[in-house]
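Residue numbers (the working numbering), protein chains in the order written: chain A, 1298 to 1502; chain B, 1298 to 1502.
See below for the structure under consideration.
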DNA sequence: CAAGAATTTTGCGGATACGCAAATTATTTC
DNA sequence: GAAATAATTTGCGTATCCGCAAAATTCTTG
């Protein structure tokens, strides 16, 4: 049906936990920037002693000092925590032949996911057949965090979004929107319309 | 050419600083999930007293308890910290009519960006005309952080990627890959192939 | 509005983090 | 290779965190 090949992967970390080791990450980042403990101490306003103990894992720093350190390093917490710990998956690729995608059926759409076996992709791409013919078919408009974009392949579709007048799209047209608005697509013709759909579920920052 | 409409936006926050207020964010997140302090306490293993003092800002928690709280909430640190402080841009949308996208010409491709006036979109979608006929035309393979996915619309294309044998794609086929591998697309026919291209430049974490 | 339950806040004691300064270890220089 | 300098680690005292249990507050319910 579909397959992904993976070239090179590092072992997975304990998962959800915010950080395997703050100390190691901090040390790695500091050394990569060629900073001494005392230098970072002056830069961040956290004593070298404390930095030392954090790096050696014999102390769980206060949020206040974490913030100071980040400011001193000019970085965000997330980057600091994940530094050096990137479970990088290099050189992957994935192929889905025409018609071979995983299919999801809903009352209104028929979705065919393309290359959805890749876990780390932050977005989804699927081919959708728009079957709904009118807004009445929808009980409520879909709304969720993230954003999406459609490109019409064939047929004509009308896009309803919460705060706006509907927009009609012909083949070749593209439409992007904040998924937080309720939204729905309907076909304007008897024949189901086909659209390419890109969907990113991440919170819009 | 294109236009974006914006519905509602909140003012921007002080930027780089790791967190304006951890307490406020935590409280917001906890309340949004309809959790009581005691409930979160059992969930996270941090006493309700401590949680209370964190929320009211009279205590700078240890990294250890921050981690526990995140685990209890099933969230990452970054999301927790930025919760409620999102410079959210709600209800935007953007339309590009067929042929109206911004065009970028390269020796090998003709790219038409779709809905590229939306700044906060973490990915790019464009329609590409593949003109290159052989790998020789490329000096070096493109490589950059991120990942991309193509869906063939018409024509037949061959995808070269650094560590693999080339893959041939026919209309309807879709192919996703890590952009860190060198990559190039060529048309297998005289007529330029048309592909829909989704490109996410963010570092694969 | 009073009685009851649930949620949040406040004392308090023990544990821990943090900065200063001294001691140890690593690096450089003559 | 010894002396000097730089970098990191180790006592130690104070300030702060954190959990337990009790007090105060808010939310139900008759």
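All C-beta atoms in this analysis are idealised placements derived from N, C-alpha and C, irrespective of residue type, glycine included.
Annotation for residue 1338 of chain A: the continuous alpha helix (DSSP H) segment containing it runs 1334–1341. Taking the beta carbon of residue 1464 of chain B as reference, the chain A residues within 9 Å of it are 1390 and 1392, listed in sequence order. For the stretch 1319–1348 of chain B, residues whose beta-carbon sits nearer than 8 Å to a beta-carbon of chain A comprise 1319. Contact check for residue 1366 of chain B against residue 1343 of chain B passes: the beta carbons are separated by less than 8 Å. In this structure, residue 1456 of chain B places its C-beta atom within 8 Å of the C-beta atom of residue 1480 of chain B. Note that the stretch 1484–1501 of chain A touches the stretch 1408–1424 of chain A; at least 3 beta-carbon pairs, one per stretch, sit closer than 8 Å. Taking 8 Å as the threshold, the shortest C-beta distance from residue 1375 of chain B to chain A falls below it.
When the five nearest sequence neighbours on each side are left out, the beta carbons in the same chain lying within less than 7 Å of the beta carbon of residue 1477 of chain B are those of 1440 and 1442, in order along the chain. Under the DSSP definition of a beta bridge, residue 1480 of chain A partners with A:1439 and A:1458. Only 1444, 1446 and 1448 from the stretch 1423–1451 of chain A bring a Cβ to less than 7 Å from some Cβ of chain B.
Spatial neighbours of residue 1431 of chain A in its own chain (CB-CB distance under 8 Å, excluding positions within 5 residues in sequence) are listed in chain order as 1483. At a cut-off of 8 Å between beta-carbon atoms, residue 1360 of chain B makes contact with chain A. Counting only residues of its own chain and dropping the five nearest sequence neighbours on each side, residue 1451 of chain A has a CB closer than 7 Å to the CB of 1468, 1490 and 1491.
From the beta-carbon of residue 1353 of chain A, no residue of chain B is found nearer than 8 Å; the closest lies around 14 Å away. Comparing alpha carbon positions, the residue from B:1329, B:1448, B:1389 and B:1348 closest to residue 1335 of chain B is B:1348.
In this structure, the beta-carbon distance from residue 1473 of chain B to residue 1390 of chain A falls below 8 Å. In the structure shown, residue 1414 of chain B falls within a coil segment according to DSSP collapsed to helix, strand and coil. Per DSSP, residue 1345 of chain A has no beta bridge partner at all.
Inclusion of residue 1372 of chain A and residue 1470 of chain B in the CB contact set at 8 Å is not warranted, their separation being larger than that value. Close partners of residue 1401 of chain B in chain A (Cβ separation under 8 Å) are lacking, with about 16 Å as the shortest Cβ gap. Within 10 angstroms of the beta-carbon of residue 1341 of chain B lie 16 or more other beta-carbons, which makes it buried. Chain-ordered, the chain A residues with CB closer than 7 Å to the CB of residue 1357 of chain B read 1359, 1360 and 1361.
In this model, residue 1329 of chain A and residue 1412 of chain A are separated by some 36 Å (Cα to Cα). As computed with DSSP, residue 1370 of chain B is found in no beta bridge at all. A direct Cα-to-Cα measurement between residue 1409 of chain B and residue 1327 of chain A gives close to 42 Å. Look at residue 1350 of chain B here: in three-state DSSP terms it is helix. Beyond the five residues adjoining it in sequence on each side, residue 1338 of chain B comes within less than 7 Å, by CB distance, of 1344, 1345 and 1348 in the same chain, given in chain order. At least 8 Å separates the CB of residue 1496 of chain B from every CB of chain A. The three-state reading of DSSP puts residue 1391 of chain B in strand, counting E and B together. With contacts defined by Cβ atoms closer than 8 Å, residue 1419 of chain A and residue 1404 of chain B do not form a contacting pair.
By the criterion of a C-beta distance shorter than 6 Å, residue 1352 of chain B is surrounded in its chain by 1320, 1323 and 1324, once the five residues flanking it on both sides are discounted. Residue environment analysis places residue 1429 of chain B among the buried positions, since at least 16 neighbouring C-beta atoms fall within 10 angstroms of its C-beta. A residue is called buried once 16 or more other Cβ atoms fall within 10 Å of its Cβ, and residue 1400 of chain B, having fewer, is exposed. If you look at residue 1327 of chain B, you'll find it in the alpha helix (DSSP H) that goes 1319–1329.
In this structure, residue 1415 of chain A sits away from residue 1446 of chain A, with a CB-CB distance that is not shorter than 8 Å.
The criterion of a C-beta distance shorter than 8 Å is not satisfied by residue 1437 of chain A and residue 1358 of chain B.
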